[in-house]
Amino acid sequence: MTDHPGNMSCEEFQSQLPELIGSGQIDAPHPHLKNCELCQALLADLETIAEAARQLLPIEDPPPKLWEKIESALKSEAESRGGDE
Ligand SMILES: [Zn+2]
Numbered sequence: 290m291t292d293h294p295g296n297m298s299c300e301e302f303q304s305q306l307p308e309l310i311g312s313g314q315i316d317a318p319h320p321h322l323k324n325c326e327l328c329q330a331l332l333a334d335l336e337t338i339a340e341a342a343r344q345l346l347p348i349e350d351p352p353p354k355l356w357e358k359i360e361s362a363l364k365s366e367a368e369s370r371g372g373d374e
């Protein structure tokens, strides 16, 4: 197990994703994304979901339910891609 800054685990990175997307900080490339194709794909999926949600709900503060949806999408992504059962 390595623990370098910018080399966090997918689990750690994904736990921060809703915050990053919600704050708009995801526009700045995250160090983890540079060497993780899985999270790049996951981020693309989440941005699609978040963008669709913004168009459906043109409000400044996303409701908790939006993040619940994103988090459940994250979990199903992880389950379908992880194969760790
Ligand atoms: Zn990752």
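Using the working numbering, the first residue of the sequence shown is number 290, and each one after it goes up by one.
Just so it is clear, CB atoms sit at the ideal spot from N, CA and C, and this is done for glycine as well.
- In this structure, the CA atom of Ser304 is about 12 Å from the CA atom of Ser361.
- With distances taken between CA atoms, Ile338 lies nearest to Leu363 out of Glu301, Phe302, Ser312, Leu363.
- A straight line joining the alpha-carbon of Ala341 with that of Cys328 spans about 20 Å.
- Between Ala367 and Cys299, the gap from beta carbon to beta carbon is short of 9 Å.
- In the DSSP assignment, Cys299 falls within the alpha helix (DSSP H) that extends over 299–312.
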